[in-house]
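Visitor: Pasting a structure here, questions to come.
Below you can see the structure in the form of structure tokens.
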């Protein structure tokens, strides 16, 4: 949204959501103001304030319903449009604006406990919608829920439809692998959706050509999926394709934040690839850690995403270890860097990477044995102790400290863990400095004892 006048029009349009009740579904306002005006995520997130959303939610919920239906319907039509993405007939900017608006709205619906039944009906209830042919012919703005539409066409123009949230997740997964939007444009006649792994890694030796624009689009789609997952953990599980999680993991572990051999990334205002890696890593953790609700009739359920942790090849283990080490070592390297502390990064991926490492060591005995039976066990013990000491006094990072302790506890189950720790260690210079270290006490028990005695009272109580 370039000119200030356009931003003013968009802001006035947002005010209309709460000031005018029952805005008609066929009003041009939905496409021209809400979907047509923004040009970047900043436009949506800065001008569509939390106060505006809450006021509309509490005073004119029907307008919020119409807005969500307009946005999702437009997104579904664009996904199936034969020319998408095309700047004239089916612009990708419209699809991205739909994604941005949904990402902005959904958290404020989740926070209202009084809307739980409404959410269940609206997002997961049965519905009827226009057929694709009818929708394109009549340029319908949105699909109806429970048969509610405006205006109401002939009955034969409707068909049974999946729940709104299920279709939205399916559409977002397709868009993550869509020609011209998140993947290189395919030749004419080829499928628009190709479930290709974005980055070389586990199970794939070649990377798909990419651009900063593709990476930015992937990040926006993943951000909406994460937003939806924030509520889906309290609802009936939906069906998602497994390939998305596989690409997320390989993309995350391939990331190298120190390709210049020094911690430089904090000097860059915004690293698009780091944003993408952060979202992919968070999504794979959400999918892996999601507790499947048990059904008394059909017995216990299984989280099939954990199947992707059942690796067995040594080269796959080595790839995972190298990817984790790159991220976990960076904060420790910054301690000895010549770059001033004020410009260094804060290791934002460390909690997620420790969580993923702990999860793999619990679920994959072969991986745990691979770590323990090689010299890599030294590296991870040092890193776990370092991060526990680093965050021991930060009340907001006590979860990281506990994860480090749980990780060491999981590794100590294996007999060879203790055997390897008793081997002669010659590279003491690689160890981080101990806090208030006096004398020649063994670093391992000293470092393990320090967090439990020098943390804040709140941290020790937790």
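Residue numbers (this note's numbering): 4 to 465.
Quick reminder that beta carbons are idealized off the backbone N, C-alpha and C, glycines included.
Can you give me the start and stop residues for the beta strand (DSSP E) that residue 164 sits inside?
Guide: In the chain shown, residue 164 corresponds to position 161, counting from 1. That run of the beta strand (DSSP E) goes 161-164.
Visitor: Is there a Cβ from chain D that is less than 8 Å from the Cβ of residue 231?
Guide: The displayed structure is made up of one protein chain only, and chain D is not part of it.
Visitor: DSSP beta-bridge partners for residue 181?
Guide: Locating residue 181 in the chain shown gives position 178, counting from the first residue. DSSP, once it has assigned bridges, lists 196 as partnering residue 181.
Visitor: Which residues in the same chain have their Cβ closer than 7 Å to the Cβ of residue 199, if we skip the five residues on either side of it in sequence?
Guide: Residue numbering aside, residue 199 sits at position 196 when the chain shown is read from its first letter. 180, 186 and 211.
Visitor: Classify residue 86 as buried or exposed, calling it buried when 16 or more other Cβ atoms lie within 10 Å of its own Cβ.
Guide: By 1-based counting over the chain shown, the position of residue 86 is 83. Result: exposed.
Visitor: Can you tell me whether residue 204 is helix, strand or coil according to DSSP?
Guide: The residue given as residue 204 occupies position 201 in the chain shown. It is a strand residue.
Visitor: May I ask you to list the residues that DSSP assigns as paired with residue 186?
Guide: Numbered from 1 along the chain shown, position 183 holds the residue referred to as residue 186. Beta-bridge pairing links residue 186 to 182.
Visitor: Roughly how many angstroms separate the alpha carbons of residue 99 and residue 36, rounded to a whole number?
Guide: Position 96 of the chain shown, counted from the first residue, corresponds to residue 99. Position 33 of the chain shown, counted from the first residue, corresponds to residue 36. If you take the alpha carbons of residue 99 and residue 36, they lie about 15 Å apart.
Visitor: Nearest to residue 173 by alpha carbon, out of 227, 425 and 280?
Guide: Mapped onto the chain shown, residue 173 falls at position 170. Answer by Cα proximity: 227.
Visitor: Is it true that the CB of residue 367 sits closer than 8 Å to the CB of residue 313?
Guide: Indexing the chain shown from 1 puts residue 313 at position 310. Indexing the chain shown from 1 puts residue 367 at position 364. Cβ atoms of residue 313 and residue 367: closer than 8 Å.
Visitor: Return the CA-CA distance between residue 104 and residue 409, expressed in angstroms with no decimal places.
Guide: Within the chain shown, numbered from 1, the residue matching residue 104 stands at position 101. Within the chain shown, numbered from 1, the residue matching residue 409 stands at position 406. Between residue 104 and residue 409, the C-alpha separation is close to 39 Å.
Visitor: Which residues bound the alpha helix (DSSP H) around residue 304?
Guide: Stepping through the chain shown from its first residue, residue 304 is reached at position 301. Residue 304 -> no alpha helix (DSSP H), and no H or E assigned at all.
Visitor: Thinking C-alpha only, which one of 92, 337, 398 and 323 is nearest residue 374?
Guide: Position 371 of the chain shown, counted from the start, is the residue given in the question as residue 374. Of the candidates 92, 337, 398 and 323, the one whose C-alpha sits nearest the C-alpha of residue 374 is 323.
Visitor: Using the three-state DSSP reduction, which class does residue 19 fall into: helix, strand or coil?
Guide: Against the chain shown, residue 19 aligns to sequence position 16. It is helical.
Visitor: Under 8 Å: do the segment 108-117 and the segment 52-64 share three or more Cβ pairs, one atom per stretch?
Guide: Counting Cβ pairs under 8 Å, three or more are found: they touch.
Visitor: For residue 307, count neighbouring C-beta atoms within 10 Å of its own C-beta (all shown protein chains included) and say buried if the count is 16 or more, exposed if not.
Guide: Taking the first residue of the chain shown as 1, we reach residue 307 at position 304. Label assigned to residue 307: exposed.
Visitor: Going by beta carbon distance, what residues of the same chain come within less than 7 Å of residue 82, once the five residues before and after it are set aside?
Guide: In the chain shown, counting from the first residue as 1, residue 82 sits at position 79. So the list reads 174, 177 and 178, once near-sequence residues are dropped.
Visitor: If I measure Cβ to Cβ from residue 51 and keep anything under 7 Å in the same chain, skipping five residues before and after, which residues do I get?
Guide: Residue mapping note: residue 51 aligns to position 48 of the chain shown, counting from 1. 17 and 107, listed in sequence order.
Visitor: Could you tell me the distance, in whole angstroms, from the CA atom of residue 378 to the CA atom of residue 385?
Guide: Here residue 378 corresponds to residue number 375 of the chain shown, with the count starting at 1. Here residue 385 corresponds to residue number 382 of the chain shown, with the count starting at 1. If you take the alpha carbons of residue 378 and residue 385, they lie about 12 Å apart.
Visitor: Are residue 218 and residue 279 closer than 8 Å when you measure CB to CB?
Guide: By one-based count along the chain shown, residue 218 stands at place 215. By one-based count along the chain shown, residue 279 stands at place 276. Yes. Within cutoff.
Visitor: Relative to the alpha-carbon of residue 163, which residue among 133, 188 and 191 has its alpha-carbon at the smallest distance?
Guide: Taking the chain shown and counting its residues from 1, the one referred to as residue 163 is at position 160. Selected option, being the one with the closest Cα: 133.
Visitor: On the DSSP letters alone, give me the boundaries of the alpha helix (DSSP H) that residue 276 sits inside.
Guide: Stepping through the chain shown from its first residue, residue 276 is reached at position 273. Counting along the chain, the alpha helix (DSSP H) containing residue 276 begins and ends at 275-292.
Visitor: When you compare only the Cα positions, how much space is there between residue 358 and residue 304?
Guide: To locate residue 358, count along the chain shown from 1; it is residue 355. To locate residue 304, count along the chain shown from 1; it is residue 301. Cα to Cα, residue 358 sits roughly 23 Å from residue 304.
Visitor: Just reading off the beta strand (DSSP E) that residue 107 is part of, what are its end residues?
Guide: As a working note, residue 107 is residue 104 in the chain shown. Careful: residue 107 lies outside any beta strand (DSSP E), inside the alpha helix (DSSP H) at 95-113.
Visitor: Can you pull the DSSP bridge partners for residue 89?
Guide: Locating residue 89 in the chain shown gives position 86, counting from the first residue. Looking at the DSSP assignment, residue 89 forms a beta bridge with 93.
Visitor: In whole angstroms, what separates the C-alpha of residue 393 from that of residue 292?
Guide: Residue mapping note: residue 393 aligns to position 390 of the chain shown, counting from 1. Residue mapping note: residue 292 aligns to position 289 of the chain shown, counting from 1. Roughly 26 Å separates the two Cα atoms.
Visitor: Measuring only the C-alpha atoms, how far is residue 376 from residue 369?
Guide: The sequence position of residue 376 within the chain shown is 373, counting from 1. The sequence position of residue 369 within the chain shown is 366, counting from 1. Taking the straight line from one Cα to the other gives about 10 Å.
Visitor: Taking the beta strand (DSSP E) that residue 130 belongs to, which residues open and close that run?
Guide: As a working mapping, residue 130 is identified with position 127 in the chain shown. Looking at the DSSP string, the run of the beta strand (DSSP E) that includes residue 130 is 130-133.
Visitor: When the distance is taken between beta carbons, is residue 205 closer than 8 Å to residue 319?
Guide: The residue labelled residue 319 in the question sits at position 316 within the chain shown. The residue labelled residue 205 in the question sits at position 202 within the chain shown. Yes, Cβ-Cβ distance for residue 319 and residue 205 is below 8 Å.
Visitor: Tell me whether residue 360 sits in a helix, a strand or coil according to DSSP, three-state version.
Guide: Numbered from its first residue, the chain shown carries residue 360 at position 357. Residue state, collapsed to three classes: helix.
Visitor: Are there 16 or more other CB atoms within 10 angstroms of the CB of residue 168, so buried, or fewer, so exposed?
Guide: Start at 1 with the first residue of the chain shown, and residue 168 comes out as number 165. Counting Cβ neighbours within 10 Å, residue 168 comes out buried, since at least 16 surround it.
Visitor: Closest to residue 165 by CA distance: which of 131, 189 and 182 is it?
Guide: Along the chain shown, read from residue 1 onward, the residue named residue 165 stands at position 162. Taking only the C-alpha atoms, the option nearest residue 165 is 131.
Visitor: Thinking C-alpha only, which one of 10, 80, 95 and 68 is nearest residue 124?
Guide: On the chain shown, residue 124 is found 121 positions in, with the first residue counted as 1. Among 10, 80, 95 and 68, the Cα nearest to that of residue 124 is on 68.
Visitor: What separation, rounded to the nearest whole angstrom, lies between the Cα atoms of residue 10 and residue 41?
Guide: On the chain shown, residue 10 is found 7 positions in, with the first residue counted as 1. On the chain shown, residue 41 is found 38 positions in, with the first residue counted as 1. Approximately 8 Å, taken between the alpha carbons.
Visitor: My output table needs one value for residue 397: the three-state DSSP class, helix, strand or coil.
Guide: Within the chain shown, numbered from 1, the residue matching residue 397 stands at position 394. Note: residue 397 maps to coil in three-state DSSP.
Visitor: According to DSSP, is residue 82 part of a helix, a strand, or is it coil?
Guide: Position 79 of the chain shown, counted from the first residue, corresponds to residue 82. Here residue 82 sits in helix by DSSP.
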